[in-house]
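Following: one structure in structure tokens, then a few remarks.
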Amino acid sequence: MTAATHSTLFPQVPDTPDAVLDGLDPEQREVALALHGPVCVLAGAGTGKTRAITHRIAYGVRAGILQPATVLAVTFTNRAAGEMRGRLRQLGATGVQARTFHSAALRQLQYFWPKAVGGELPRLLERKVQLVSEAAARCQIRLDRTELRDATSEIEWAKVTQTVPADYAAAVVKAQRDAPRDPAELAQIYSTYEQLKRDRSVIDFEDVLLLMVGILQDRADIAEHVRGQYQHFVVDEYQDVSPLQQRLLDLWVGDRDDLCVVGDASQTIYSFTGATPDHLLNFRTRHPGATVVKLVRDYRSTPQVVHLANGLLSQARGKAADHRLELVSQRDKGPEPVYTEYGDEPTEAESTARRIRDLIAAGVPAGEIAVLYRVNSQSEVYEQALADAGVPYQLRGAERFFERAEVREAGTALRGAARAGGNDSLLDGADDLAAQVRAVLSTKGWTTRPPAGSGAVRDRWESLAALVRLAEDFEAARPGATLTDLVRELDERAAAQHAPTVQGVTLASLHAAKGLEWDAVFLVGLTEGMMPIAYAKTDEQVEEERRLLYVGITRARVHLSLSWALSRSPGGRASRRATRFLNGLRPGSGTVGARGGTGGGGGIDRGTARTAANRAPAVERKPRSPVRCRVCGRTLTDAGEMKLMRCEDCPSDMDEGLYERLHDWRAAQAALLGQPDFCVFTEKTLMAIAEAVPSTEGELVVIAGVGNRKLNRFGTDVLAICAGETVNDEAPQDTDET
Ligand code: ATP
Ligand code: MG
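Everything in the sequence shown is counted per full-length UniProt numbering, starting at 1 for the first residue and increasing by one.
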């Protein structure tokens, strides 16, 4: 670990308020110094918007201009809020509330409910779908899974646009919205859903904001109380504010104007939920005296990544695009983006996992790598591929690190050791802080080398390893620090929810990646139908998809990979095409459409794609036969169904007894290997085996999720179990892990 990393993880708290400003460029500094009155920052991705507002708050607090408890910073996700609290703390400013709209509103609602309404706040409904389904049934409307999801989204849209059931149909017309079914029916479901909630005394996610808005509107005394507490407001990612959030913000601010908003219209990716960049773009109209600052220097990404991002935006159309800002990279040049076309999806995933393994071997930390996709269901094939490649991953981010059981246990153990001081025999011979921490955490499952594979055991180890790294960095930054100092640091971080970087590759949807950054980003599944997503029909919807890709591209600091597969299943018909958004930007894709580009393809080596393809081992191009349903013969395209080798709905002919025996055997293997069960075989693969009852290696290897590697490791056992024999529980030899 380099000195630079220590200083990033444990930067010295700036000595003076002015020193807080040192890390800013002139425009960012202008933002930080504009502490009163309305401020609007319009800037592209990676230009330091979040950094500017964080420094602004820290400077204001440190200079004594802002009272920390009177500042409310609103960010988009809990993770972003946690990061902001962490950054504020590093800048020496504590006590500022950094929350999402939802968590800020929920906190206020819990506090004011007894006074405003009386009694306990109703229980918060975790998921709407069940209740929406019940509501539809009461209205005698049958909805399949997709229709149910659409109906639920419509209800959410109606609520965030503050549309009551009776007005829904008219609102759909007014917003020129393409309702997924007859608006009258949807209004009926919506109304019944609201009634069911009342009957059962539950509230949903949107109600939290709606109720708080209602209370602030109706109760002048409570509004005054809230306004007395918060006097300065900062909103990050303001381009995606919904009408309901805006209404709440207006009520918080009242007739004052200490409001600072930052955003990038080109990153509007939630308009499908009712969010709109209008509030950002019209800010100056609503606040004529506003300080407006534009930032164009991109500090995040290399010129190669920025070139592609600019090229993509140059093709954008519509309102948000009219406000685009051309980014100028401030970084040294890096590798060109790599474009790769694969034969099928599993091959794309396997190859991506291999490339990630190579990057890690070349020194890129796993925590600095992300695989981003359009819809969450795309994650499964990547989870499996990374698990097979022995690469640790996490399915979103490092949020709530300090809430994890193993981290809390480790904290208790460290606290105990710190209290015992020199009297703890555990610490004998451990003369420096990091060695002491390693000694204590080894009683909790930390080992010098990580356990093989991914999953729960590995996750636990990763958390402990993150604490060990944190201790090493802490000691390097503060020589002579004691265990007590470290425990205090951990407590403070836990209070600020500032998690250390966990060393796992992030798997996330493009939506969830907003505001974040990684050294290496893999944008996968970039086919027409996924990007833009099939249900994006109108020009506006397609533009939103383009912006989503822009968000994805601009998450990368250095390495950027864009890939797609021509067919979903191995051996399937190559019916897919690469996303239209890369036309004219990637090598060999023709010219840009009507609006033209800024020479987006110019900087990209045409050989890159070929090189990437050439590097791929022969096995990737080996044609595989399509997977067909064993029962009805239909060609399968769904990953889960492909593993089962039948349609989910087709009848199962599974041998239940065999399935039970395989299950027990899997649990024993997993325990022996110290890995989670799914690393041996996933549930679907196990079911497929119990249904197929293979009697030869040939029959076993073709079952999805088996393959040569697992055949070598477990084939003998599985075939023996299928033949009704008993097998002993010795750990198999790992023959191909080199
Ligand atoms: P997004 O639009 O994706 O939310 P952003 O505009 O909020 O991006 P930040 O996340 O604040 O950008 O900054 C991007 C990266 O650039 C961060 O790593 C940040 O620390 C760095 N950065 C920003 N401004 C500067 C600066 N003046 N000097 C050095 N690094 C900077
Ligand atoms: Mg940001």
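By construction, the Cβ of each residue, glycine as well, lies at the ideal position given by its N, Cα and C atoms.
Query, Result
"Might you give, ordered along the chain, the residues of its own chain that have their beta carbon closer than 6 angstroms to the beta carbon of Arg29, omitting 5 neighbours on each side?", "Leu21"
"In angstroms, rounded to a whole number, what distance separates the CA positions of Trp518 and Asp236?", "19 angstroms"
"List the DSSP bridge partners of Ala369.", "The sequence as given places Ile at residue 369; Ala does not occur at that position. Paired residue(s): Ala520."
"What would DSSP say about Ser266, mapped onto helix, strand or coil?", "helix"
"Using C-beta distances below 6 angstroms, list every residue in its chain close to Leu209, excluding the 5 sequence neighbours before and after it, in chain order.", "Ala105, Leu244, Leu248"
"Straight-line CA distance for Gly363 to Ile369?", "11 angstroms"
"Quickly, what does DSSP pair Tyr565 with across the bridge? List them, please.", "The sequence shown places Ala at residue 565, rather than the Tyr named in the question. For Ala565, which the question treats as bridged, DSSP gives the partners Tyr342."
"So, with DSSP's three-state summary, where would you put Ile703?", "coil"
"Secondary structure at Cys722, three-state DSSP: helix, strand or coil?", "helix"
"Below 7 angstroms, is the gap between the Cβ of Thr50 and the nearest heavy atom of ligand 2?", "yes"
"With DSSP run on the structure shown, which of helix, strand or coil describes Tyr535?", "coil"
"Rounded to a whole number of angstroms, what is the C-alpha to C-alpha distance between Ile360 and Ala366?", "6 angstroms"
"Per DSSP, what kind of secondary structure is Ser191 in: helix, strand or coil?", "helix"
"Where does Pro17 fall in DSSP's three states?", "helix"
"Given a cut-off of 8 angstroms, decide if Ala704 and Leu662 are closer than it, judged by their beta-carbon atoms.", "no"
"With Leu295 as the anchor, note down where its beta strand (DSSP E) starts and where it stops.", "291 to 295"
"In the structure shown, what three-state DSSP assignment does Asp298 receive?", "strand"
"Output the boundary residues of the alpha helix (DSSP H) element that contains Ala420.", "405 to 420"
"Can you tell me the Cβ-Cβ gap for Lys444 and Leu464, rounded? I've got them flagged as a contact below 8 angstroms.", "6 angstroms"
"Could you give the residue range of the alpha helix (DSSP H) that holds Val305?", "303 to 314"
"In or out: Pro26 buried (at least 16 other Cβ within 10 Å) or exposed?", "exposed"
"Under 8 angstroms by Cβ, that's how I've got Ile222 and Ala116 pegged, so tell me the actual separation to the nearest angstrom.", "6 angstroms"
"Tell me whether Ala98 sits in a helix, a strand or coil according to DSSP, three-state version.", "strand"
"Cα-Cα, which of His307, Ala93, Gly60 is closest to Gly584?", "His307"
"DSSP state of Ile203, grouped into three classes?", "strand"
"What separation, rounded to the nearest whole angstrom, lies between the Cα atoms of Arg438 and Glu336?", "40 angstroms"
"Please classify Gly82 as buried or exposed, where buried requires at least 16 other C-beta atoms within 10 Å of its C-beta.", "buried"
"Kindly give me the distance between the Cβ atoms of Arg547 and Ser266, rounded to whole angstroms, as I take these residues to be in contact under 8 angstroms.", "6 angstroms"
"Around the C-beta of Leu672, are 16 or more other C-beta atoms found within 10 angstroms, so that it is buried, or is it exposed?", "exposed"
"Quick check: does the Cβ of Thr47 come within less than 7 angstroms of any heavy atom belonging to ligand 1?", "yes"
"Could you pull out every residue in the same chain whose Cβ sits closer than 6 angstroms to the Cβ of Ile189, ignoring the five residues on either side in sequence?", "Ala135, Ala136, Cys139, Ala151"
"Looking at ligand 2, does it come within less than 7 angstroms of Gly552, judged from the CB to the closest heavy atom?", "no"
"May I ask whether a heavy atom of ligand 3 can be found less than 7 angstroms away from the beta carbon of Asp264?", "What this structure holds is ligand 1 and ligand 2, not ligand 3."
"Does the beta carbon of Thr240 fall short of 7 angstroms from some heavy atom of ligand 1?", "Checking the sequence shown, residue 240 turns out to be Asp, not Thr. No, ligand 1 has no heavy atom inside 7 angstroms of this Cβ."
"Whose C-beta lies closer than 6 angstroms to the C-beta of Gln378 among residues of the same chain, with five residues either side of it excluded?", "Gly525"
"Cβ of Pro277 within 8 angstroms of Cβ of Thr268?", "yes"
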